[in-house]
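K.L.:
Okay, here's the structure, questions in a sec.
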Amino acid sequence: MFPAPAKRDGVLPGFRLGLGYTLTYLTLLVLIPLGGMILMTGKLSWGSFWDIATAERALASYRVTFGASLFAAVVNAVFGLIVAWVLVRYPFPGKRFVDALVDLPFALPTAVAGITLATLYAENGWVGQFLAKLGIKVAFTPLGIVVALIFVTLPFVVRTLQPVIEDIEAEVEEAAASLGATRWQTFARVLLPGIFPAWLTGFTLAFSRAIGEFGSVIFIAGNMPLISEITPLLIISKLEQYDLVGATALAVVMLVISFVMLLVINLLQWWAANRHAKGSDAEPAEALAPGALVEARP
Amino acid sequence: MSIEIRNICKRFGNFVALDNLSLDIPTGELVALLGPSGCGKTTLLRIIAGMETPDSGSVLFGGQEATHVHARDRQVGFVFQHYALFRHMSVFENVAFGLRVRPRKDRPSEAEIRERVMGLLKLVQLDWLAQRYPSQLSGGQRQRIALARALAVEPKVLLLDEPFGALDTKVRKELRRWLRRLHDEMHISSVFVTHDQEEALEVADRVVVMNRGHIEQIGSPDEVYSSPASPFVYQFLGNVNVFHSRLHGAWAEVEREGEAPAAGSIAFVRPHDIELDVAPLAGGMTAGVLHVHRIGPLVRVELEHDGETIEVELTRERAASLDLPVGKTVWIKPRQAKVFAAEAAPPAGKQPFLF
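Chains H and L are the protein sequences, given in the same order. So for the first sequence, the working numbering puts the first residue at 11; every next one is plus one. So for the second sequence, the working numbering puts the first residue at 270; every next one is plus one.
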């Protein structure tokens with residue numbers, strides 16, 4: 011009807027300014043430090059980079075870091091969902107107190123958390139002494155790392171899920187019930203797919219935080235090379251030996267692995283969020299011609 | 270399946286939604302629950318569906334006690350005003366949902382599900398949309414999918430909560446006629462809630478007019494329109510002019526045919542039941558023209574008589590032959606009126622349902 015506009019006019023003003031600001035901000039804060047890090051590894055030859063990156067101790071630390079982080083994120087995904095669900099859906103005395111408690115791991119200095127957990131789970135600690143009788147050692151083992159990471163990353167899943175669970179329409183649940191679905195079927199088939207993208211976001215946040223976590227882990231991990239040493243600690247110990255280049259090499263490896271994992275999760279999330287809306291920009295046409303309903307009855 | 274509602278009471282805090290209400294819905298009827306917002310009609314429907322429990326009283330399905338039967342076991346189909354479709358499922362999966370969640374031993378095979386769902390989608394004439402998602406459909410299409418989904422479980426009772434409330438007038442009209450035909454074919458009992466009197470009068474076998482948690486009148490559309498049981502029903506079912514007989518001595522003329530009007534009784538006259546002429550009418554009275562609204566085939570004339578506004582509806586032709594400029598004095602005379610005792614009527618000066 012009208013000639014195509016020369017440029018895309020948005021309703022919201024300041025697109026160029028906003029984008030420019032965003033790019034500058036991200037460049038200054040994220041891209042330049044990361045780029046500098048990669049440049050620093052340029053001082054290494056490919057061969058020596060590979061040697062540092064695949065040293066036995068480094069490989070073991072990747073396994074501990076990513077394994078424990080993944081495990082902690084999965085545990086939090088399951089239990090965080092339950093916590094978020096309970097906090098949104100059921101009224102109970104002290105609910106606001108419990109709700110505030112969820113944020114505590116965010117606020118607590120991670121070192122404090124680590125020392126507290128290490129004391130609790132040590133073989134003579136309050137919790138550790140009972141676990142010790144069962145033959146379970148938590149403090150100063152990889153299991154301790156997992157416990158610390160679960161503690162630190164708990165709020166992520168809960169806080170991302172809460173608003174989404176609050177937004178679920180009661181009518182959708184009632185519709186499912188009137189169609190004969192049990193509570194469990196309603197949850198699994200109707201509600202869960204709706205909160206899945208947010209769930210994945212919470213999982214990703216918890217996972218990435220766990221990978222980078224340092225303070226709480228070093229106090230409980232015992233830091234035995236090849237067994238309970240995390241990559242961030244390995245990097246620190248290299249720095250303490252003034253092996254700046256070696257430390258950056260490990261950092262770059264972590265960066266690449268993290269980036270690839272986050273990218274995959276983001277793609278999965280994008281897919282989950284968009285598969286129900288493909289082609290939704292097409293104008294939904296009203297199917298009925300006037301009187302069409304009258305004629306076409308069998 | 271017939272539905273019997275016995276002495277249902279329901280409160281929400283201090284608000285009485287349903288006040289000792291009883292109602293019988295015979296098998297195969299299409300019943301409209303009609304009333305203003307907050308009259309309890311949706312609450313009643315939700316109690317029938319099992320989504321709300323009454324504080325007291327009981328609901329019987331086909332003569333059997335069903336008050337505390339869970340919604341999923343009631344075999345009712347429920348259609349929501351805002352569709353409540355499952356957003357992450359295709360149209361096909363939405364309709365198939367009720368079949369897929371059945372216990373394994375009752376669950377139809379994949380081929381049977383396919384056949385049933387496509388059959389229902391044909392019935393609502395949207396089989397070509399089976400693979401789309403709800404977000405890609407228009408409002409009218411969504412509501413038809415919601416109806417197909419409700420019918421998939423072969424309900425004994427179909428309950429519709431303002432099913433066409435969110436749709437535009439034209440789609441609404443088409444859908445309600447189609448609902449009527451569908452109801453006649455499916456041989457089920459249907460109850461639908463509406464606040465639109467035209468919708469209720471056009472579609473339903475019986476209209477239940479509700480107000481403030483109780484039933485004002487039950488009857489065929491014709492009955493409730495032509496012989497309303499209370500001033501509320503009269504006012505709710507169409508435009509109305511209210512005359513207070515004490516104030517207007519001249520109206521003794523009008524009311525003579527009916528029961529002798531007590532002092533303070535109130536006469537209701539529909540706008541199309543008033544004769545209007547520029548020449549004097551025997552037994553009529555004079556009024557000044559305030560406004561003339563032309564609404565499609567009708568012309569609505571607002572008149573002023575003795576400080577009160579009176580509405581008269583004329584056909585286009587009649588209005589054209591009369592020539593009614595604003596300010597002109599004309600003669601009016603009601604053809605028929607309905608008289609209620611004053612205490613039965615709402616307080617004077619309030620005409621809440623003049624639309």
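Backbone N, C-alpha and C fix where the C-beta goes; we use that ideal spot for every residue, glycine too. What you are looking at is a predicted structure, and each value in this text was computed from that prediction instead of being measured.
1. Is any beta-carbon of chain H found at less than 7 Å from that of L:Gly-367?
2. Within the chosen definition, does the stretch 221 to 228 of chain H reach the stretch 85 to 105 of chain H through at least 3 CB pairs nearer than 8 Å?
3. My guess is that L:Ser-271 and L:Ser-458 are in contact by the Cβ rule of under 8 Å, so how many angstroms apart are they, rounded?
4. For H:Val-182, go through chain L and note every residue whose CB falls closer than 7 Å to its CB, in chain order.
5. Name the chain H residues that come within less than 8 Å of L:Gly-434, Cβ to Cβ?
6. Listed from N- to C-terminal order along the chain, which residues in the stretch 167 to 198 of chain H have their beta-carbon within a distance smaller than 8 Å of any beta-carbon of chain L?
7. Report the neighbours of L:Val-422 on chain H: residues whose CB is nearer than 7 Å to its CB, in chain order.
8. Short check: CB of H:Arg-219 to CB of H:Thr-129, under 7 Å?
9. Taking all protein chains shown into account, decide if L:Ile-484 is buried (16 or more other Cβ within 10 angstroms of its Cβ) or exposed.
10. Assuming contact is defined by CB atoms lying nearer than 7 Å, are H:Val-168 and H:Val-122 in contact in what I supplied?
11. Looking at the secondary structure, which residues open and close the beta strand (DSSP E) in which L:Trp-600 lies?
12. Just confirm the distance between the C-beta atoms of H:Ala-261 and H:Ile-245, as a whole number of angstroms; I'd bet it's less than 8 Å.
13. On a Cα-Cα basis, can you pick out the residue from L:Thr-322, L:Gly-346 and L:Thr-296 that is closest to L:Ala-335?
14. Closest to H:Thr-151 by CA distance: which of H:Ala-259, H:Ile-275 and H:Tyr-131 is it?
15. Could you work out which residue in L:Pro-497, L:Ile-277 and L:Gly-307 is closest to L:Asp-293 when comparing CA atoms only?
16. Please state the DSSP three-state secondary structure of L:Gln-486.
17. Does any residue of chain H have a CB that is nearer than 7 Å to the CB of L:Phe-347?
18. In the DSSP assignment, the beta strand (DSSP E) including L:Gly-557 goes from what residue to what residue?
19. Considering L:Leu-398, what are the terminal residues of the alpha helix (DSSP H) in which it resides?
20. Compare the C-beta of L:Ala-340 against all C-beta atoms of chain H and say whether one is closer than 7 Å.
21. Could you work out which residues of chain H lie near L:Arg-385, taking near to mean beta carbons separated by less than 7 Å?
22. Note down the Cα distance separating L:Gly-557 from L:Thr-438, rounded to an integer number of angstroms.
23. Using CA coordinates, which residue listed in L:Val-538, L:Ile-535, L:Gly-346 and L:Val-477 is at the minimum distance from L:Asp-491?
24. DSSP puts L:Gln-333 in a beta bridge; with which residues?
25. Within a Cβ cutoff of 6 Å, which residues of the same chain sit near L:Pro-424, ignoring the five residues on either side of it in sequence?
26. For H:Ala-78, count neighbouring C-beta atoms within 10 Å of its own C-beta (all shown protein chains included) and say buried if the count is 16 or more, exposed if not.
27. With 7 Å as the threshold, decide whether the Cβ of H:Val-200 is near any Cβ in chain L.
28. Between which two residues does the alpha helix (DSSP H) containing L:Ala-286 stretch?
29. Going along the chain, which residues of its own chain have a beta-carbon closer than 6 Å to the beta-carbon of L:Leu-516, five neighbours each way excluded?
30. Which of helix, strand or coil does DSSP assign to L:Asn-510?
31. What is the rounded straight-line gap between the Cα of H:Glu-183 and the Cα of H:Ala-68?
32. Can you tell me the Cβ-Cβ gap for L:Thr-591 and L:Val-561, rounded? I've got them flagged as a contact below 8 Å.
33. Between which residues of its own chain and H:Gly-30 is the CB-CB distance below 6 Å, once the five residues before and five after are set aside?
34. Have a look at L:Gly-319 and H:Gly-138 and give me their C-alpha separation to the nearest angstrom.
35. Chain H beta carbons: is any one of them nearer than 7 Å to that of L:Val-426?
36. Could you check the C-alpha separation between H:Met-50 and H:Glu-250 for me, to the nearest Å?
P.N.:
Once the coordinates are examined:
1. Answer yes: the Cβ-Cβ gap between L:Gly-367 and chain H drops below 7 Å somewhere.
2. Between the stretch 221 to 228 of chain H and the stretch 85 to 105 of chain H, the count of C-beta pairs closer than 8 Å stays below three; the two stretches do not touch.
3. Confirmed, about 7 Å.
4. Under a criterion of Cβ atoms nearer than 7 Å, the residues of chain L adjacent to H:Val-182 are, in order, Ala-353 and Phe-355.
5. From the beta-carbon of L:Gly-434, no residue of chain H is found nearer than 8 Å; the closest lies around 13 Å away.
6. In summary, the residues of the stretch 167 to 198 of chain H whose CB is separated from some CB of chain L by less than 8 Å are Glu-179, Glu-181, Val-182, Glu-184, Ala-185, Ala-186, Ala-187, Ser-188, Leu-189, Gly-190, Ala-191, Thr-192 and Gln-195, in the order they occur in the chain.
7. Result: Leu-189 and Gly-190.
8. No; because the gap between Cβ atoms is not below 7 Å, this pair is not in contact.
9. Buried, because 16 or more other Cβ atoms sit within 10 Å of the Cβ of L:Ile-484.
10. In this structure, H:Val-122 does not lie closer than 7 Å to H:Val-168 by Cβ.
11. Boundaries of the beta strand (DSSP E) harbouring L:Trp-600: 598 to 603, taken from the DSSP string.
12. So it is a contact: roughly 6 Å between Cβ atoms.
13. Checking every option, the nearest Cα to that of L:Ala-335 belongs to L:Thr-322.
14. The option with the nearest alpha carbon to H:Thr-151 is H:Tyr-131.
15. Relative to L:Asp-293, the option among L:Pro-497, L:Ile-277 and L:Gly-307 whose CA is nearest is L:Ile-277.
16. L:Gln-486: strand per DSSP, three-state reduction.
17. Interface annotation, L:Phe-347: in contact with chain H, CB-CB separation under 7 Å.
18. 554 to 564 is the extent of the beta strand (DSSP E) around L:Gly-557.
19. That residue, L:Leu-398, is in no alpha helix (DSSP H); it is neither H nor E in DSSP.
20. Yes, its Cβ sits closer than 7 Å to a Cβ of chain H.
21. Taking a Cβ-Cβ threshold of 7 Å, none of the residues of chain H is close to L:Arg-385; the smallest such distance is about 13 Å.
22. Roughly 34 Å between the two C-alpha positions.
23. Measuring from the Cα of L:Asp-491, the nearest candidate turns out to be L:Val-477.
24. In DSSP, L:Gln-333 forms a bridge with L:Phe-330.
25. Taken in chain order, the residues that qualify are Gln-344, Val-345 and Gly-346.
26. Counting the other Cβ atoms within 10 Å of the Cβ of H:Ala-78 gives 16 or more, which makes it buried.
27. For H:Val-200, the nearest CB of chain L lies under 7 Å from its own CB, placing it at the interface with that chain.
28. It is not in any alpha helix (DSSP H) - L:Ala-286 instead sits in the beta strand (DSSP E) that spans 284 to 294.
29. The predicted position of L:Leu-516 is uncertain, since its pLDDT is 41 and thus under 50; a value taken from the coordinates is nonetheless stated next. Excluding positions up to five away in sequence, the list is empty.
30. In this structure, L:Asn-510 counts as strand in the three-state DSSP scheme.
31. Looking at the backbone, the Cα of H:Glu-183 and that of H:Ala-68 are separated by about 50 Å.
32. Checking the displayed sequence, the identity of residue 591 of chain L turns out to be Leu instead of Thr. Their Cβ separation, rounded to whole angstroms, is 10 Å, which puts L:Leu-591 and L:Val-561 out of contact at 8 Å.
33. Nothing meets the Cβ criterion.
34. Taking the straight line joining both Cα atoms gives about 51 Å.
35. Interface flag for L:Val-426 against chain H is unset, since no Cβ pair is found closer than 7 Å.
36. Straight-line measurement puts the Cα of H:Glu-250 at about 17 Å from the Cα of H:Met-50.
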